[in-house]
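Peer 1:
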Amino acid sequence: MKKGCLFLIVFFGWIQLANAASISVTASSNSVTAGGRVTFYVNIRDAGAWQLFGGGTGATSNCSLGEQGVGDTGTGRNGNKTLSVTCTASAVGQINFSISGNVTDAGSGKSVDVSGRKLVTVQAPREKDANNYLKSFSVSGYSITPNFQKDTLEYSVTVPSTVDKVKIEAAAESNYANVMGTGEIEVDEGINVREIKVMSETGVERVYKLTIQVKDENPIEITIDGKKYTILKNIKNVKKPELYENTTIKIQDFEVPAFISETTGYTLVSVKDELGNPFYAIYDSNTEQYHLYVEHKSNVLLLYLMDLPDVLSGYQRVSLEIEGVVYPAYQVSADSRFAIVYAMNIQTGKSTYYAYDKVEHIFQIYDDEMIRNLLEEKENYKLVLIGFAVLSIFLFLLCIYAFLKKPRQNKSKKTMQETHSLLKQEEDFASFDQDIKEEKKENVSSDTEVLEVKDALEKMNDVEAMILEYEKTMALPKSELRKVREAKQDTHKESNEQPVTEEKKKRKKRKTKKD
């Protein structure tokens, strides 16, 4: 009996101890690199309330439990609670995360002092791995050529024509590298090219290329613009173009899947080039000719670009690349932002000119009236520039003419004044000479008048001297002549009147005697 009571006391005491409130501290990792982050967890067990304090010290900062260290279950019963704190490693060393305080049993109301801590090692940062090689590479169920070597970047594999899917498997050498392009992929008849990319931890990419040849025992090969293409006889993985319907046509005795549109009137077939790139081609059953068909979307427009049917005045013809395809187009100049192309609207079947914005990559119906107005404004602007140039040249010549004419006018005016002065002097000399001749004539014609020989000879000598002097003076240069005549004019004014007056007196005296 005593043994039984003792056993019950020990058993219930063990239960009470087993269910006593407690805490423990754990971490998301035992080590972290400097600059990295680690999360610490404070696990509370069988407690109705808690009051805990602490945080991280050492190779970290601002890492504290904070306000969440004080709380309760909110039910008045004991429960479990986990608190978390994330710390950033600031330096190489250790983070010492320690917690202390007390937890309270909800039933008895007794508090128990608790504590706990966790050490995390902070290591120097690891250099990033630059390895971007594959460790293995294969196509499930088939052998690739050549055998895999990590330095060999191009491989090929051939599969039967009945295969429409293959599975590519690859793994990187480095655990820090990422591999892209693996898994199950769909393949079409003919050549299919797939790239497997390996990105290293440093961000450097390595590309492995796999060419998957789906057998075609009787390929239909065609040529478009000098390039070779193969028509696909199996289009299970080919997307149907918008506004077209599935159909079949016969080419070289083979039933070939195709697409047809009543709106455009085109029949399209699927083709691949020598590199395995897929395209649509327009098939003309009358001429058995093919043309590549590429759709371009712009807002609500769905266009097929065609050759230019006309010559647009004021534009120059250029080759324009749109989405990797070269088309004929018109531009005002080589560096123009806009180009004019000719295209069919797949939705309406109507063909017309469209303006293409090379920057925004959008199409808009070509407004011929707007372009004509722009060209007209361009011509008007050209005429204005020509007029302005002509006016500028005229004003320039007018300025030169005015500059050259001013000295000439002054010179001409001066010459006219000199000429007028010379003419006036010549008139004075002529008048003086005429007086002398009249006087001589009067003396000769007077039969009754008797002159002394001495007076007559003196008078004749004076007249001859005056005539000789006049002739000499007239032979002088204009500048000297002008000076001489000006001097004579002054002398004439002062003394010429007196001799004439005396002479008149003599004639009057002689006349009086005669009478």
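First residue of the sequence shown? That's 765 in our numbering, and the numbers climb one at a time after it. Just so you know, even glycine gets a beta-carbon here, dropped at the ideal spot from N, CA and C.
Which residue wins for smallest C-alpha separation from Val962, given the options Lys899, Ile995, Val856?
Peer 2: Proximity to Val962 across Lys899, Ile995, Val856 peaks at Lys899, based on C-alpha coordinates.
Peer 1: Give me the Cβ distance between Val789 and Arg881, rounded to the nearest whole Å; I'm assuming they're in contact under 8 Å.
Peer 2: 6 Å
Peer 1: Would you identify the three-state DSSP class for Gly833, choosing helix, strand or coil?
Peer 2: Gly833 falls in the helix class under three-state DSSP.
Peer 1: Taking the Cβ atom as the reference point for each residue, do Ala855 and Ala823 lie within a distance shorter than 8 Å?
Peer 2: In this structure, Ala823 lies closer than 8 Å to Ala855 by Cβ.
Peer 1: Have a look at Asp915 and Ile908 and give me their C-alpha separation to the nearest angstrom.
Peer 2: C-alpha separation (whole angstroms): 15 Å.
Peer 1: Quick check: the Cα distance between Gly800 and Thr852, rounded to an integer number of angstroms?
Peer 2: 6 Å
Peer 1: Would you report the Cα separation of Met944 and Ile960, rounded to the nearest angstrom?
Peer 2: 6 Å
Peer 1: Please go through the segment 1072 to 1151 and give each complete beta strand (DSSP E) segment of 3 or more residues, from N-terminal end onward.
Peer 2: 1080 to 1086, 1089 to 1095, 1102 to 1109, 1115 to 1121, 1126 to 1129
Peer 1: Of the choices Val806, Asp869, Val1075, Ala1107, whose alpha-carbon is the least far from that of Leu829?
Peer 2: Val806
Peer 1: Check Tyr1030 in the structure and name its three-state DSSP category.
Peer 2: Correct three-state label for Tyr1030: coil.
Peer 1: Tell me which same chain residues have a C-beta within less than 8 Å of the C-beta of Phe817, skipping the five on either side of it?
Peer 2: Leu829, Gly833, Ile863, Ser864, Gly865
Peer 1: Since Lys1014 is in the beta strand (DSSP E), which residue starts that stretch and which ends it?
Peer 2: 1009 to 1015
Peer 1: So the beta strand (DSSP E) Asp929 belongs to, where does it begin and stop?
Peer 2: According to the sequence as given, residue 929 is Lys; it is not Asp. Where Lys929 is concerned, the enclosing beta strand (DSSP E) starts and stops at 929 to 936.
Peer 1: Here's a check: name, in chain order, each residue in its chain whose Cβ is nearer than 8 Å to the Cβ of Ala798, leaving out the five neighbours to either side.
Peer 2: Ala823, Ala853, Ser854, Ala855, Val856, Val886, Gln887, Ala888, Pro889
Peer 1: Hey, how far is the Cα of Ile1150 from the Cα of Ile1110?
Peer 2: 46 Å
Peer 1: Quick one: is Tyr1091 buried, meaning 16 or more other Cβ sit within 10 Å of its Cβ, or exposed?
Peer 2: buried
Peer 1: Are there three or more Cβ pairs, one per stretch, closer than 8 Å when the segment 943 to 957 is compared with the segment 1006 to 1018?
Peer 2: no
Peer 1: List the endpoints of the continuous beta strand (DSSP E) containing Pro1021.
Peer 2: 1018 to 1024
Peer 1: Which residue wins for smallest C-alpha separation from Lys1034, given the options Asn1001, Ala1098, Asp989?
Peer 2: First, the residue type needs correcting, since residue 1034 is Ser and not Lys in the sequence shown. Looking at the Cα atoms, Asn1001 is the closest of the given residues.
Peer 1: Can you find a C-beta in chain C that's less than 8 Å from the C-beta of Thr790?
Peer 2: In the structure shown, chain C cannot be found, because there is only a single protein chain.
Peer 1: Is it true that the CB of Leu1072 sits closer than 8 Å to the CB of Val1044?
Peer 2: It should be noted that the sequence gives Tyr, not Val, for residue 1044. No, the Cβ-Cβ distance between Tyr1044 and Leu1072 is not below 8 Å.
Peer 1: Pick out whichever of Leu1155, Ala1166, Leu1067 has its Cα sitting closest to the Cα of His1125.
Peer 2: Leu1067
Peer 1: Rounded to whole angstroms, what is the Cα-Cα separation between Ala784 and Ala894?
Peer 2: Ala784 and Ala894: Cα-Cα distance of roughly 53 Å.
Peer 1: Leaving out five residues before and five after Gly777 in sequence, what residues of the same chain have Cβ atoms less than 6 Å from its Cβ?
Peer 2: Note that Gly777 scores 37 on pLDDT, short of 50, meaning its location in the model is unreliable; the coordinates nonetheless yield the value given after this. Excluding sequence neighbours, Gly777 sits near nothing in its chain.
Peer 1: Taking C-alpha atoms, which residue in Ala1119, Asn896, Ile949 lies nearest to Ser938?
Peer 2: Ser938 has its Cα closest to that of Asn896, out of Ala1119, Asn896, Ile949.
Peer 1: Pull up the distance between the alpha-carbon of Asp810 and that of Val867, whole angstroms please.
Peer 2: 9 Å
Peer 1: Quick test of your reading: Glu1059 and Pro1005, contact by CB under 8 Å. State the CB separation rounded to the nearest angstrom.
Peer 2: 7 Å
Peer 1: I need the boundaries of the beta strand (DSSP E) containing Gly1040, first residue and last residue.
Peer 2: Segment: none, Gly1040 is in no beta strand (DSSP E) and carries neither H nor E.
Peer 1: Below 7 Å CB to CB, which residues in the same chain sit around Ile1129 once its five sequence neighbours on both sides are set aside?
Peer 2: Taken in chain order, the residues that qualify are Thr1116, Tyr1118.
Peer 1: So, for Val1123: in the same chain, excluding its five sequence neighbours on each side, which residues have a beta-carbon less than 8 Å away from its beta-carbon?
Peer 2: Arg1101
Peer 1: Which residues in the same chain have their Cβ closer than 6 Å to the Cβ of Arg970, if we skip the five residues on either side of it in sequence?
Peer 2: Asn896, Val962
Peer 1: Tell me which residues share the same chain as Ser920 and place their Cβ nearer than 6 Å to its Cβ, disregarding the 5 neighbours each side in the sequence.
Peer 2: Thr909, Thr975, listed in sequence order.
Peer 1: Let's test the definition: count the other Cβ atoms within 10 Å of the Cβ of Phe1127 and tell me whether it reaches 16, buried, or not, exposed.
Peer 2: buried
Peer 1: What three-state label does DSSP hand Leu917 in the structure shown?
Peer 2: coil
Peer 1: Below 8 Å on the Cβ atoms is my guess for Asp1323 versus Val923; work out the distance and round it to an integer in Å.
Peer 2: A question about residue 1323 goes unanswered here, because the residues of the chain that appear run from 765 up to 1279.
Peer 1: Within 10 angstroms of the Cβ of Ala1093, are there 16 or more other Cβ atoms? Answer buried if so, exposed if not.
Peer 2: buried
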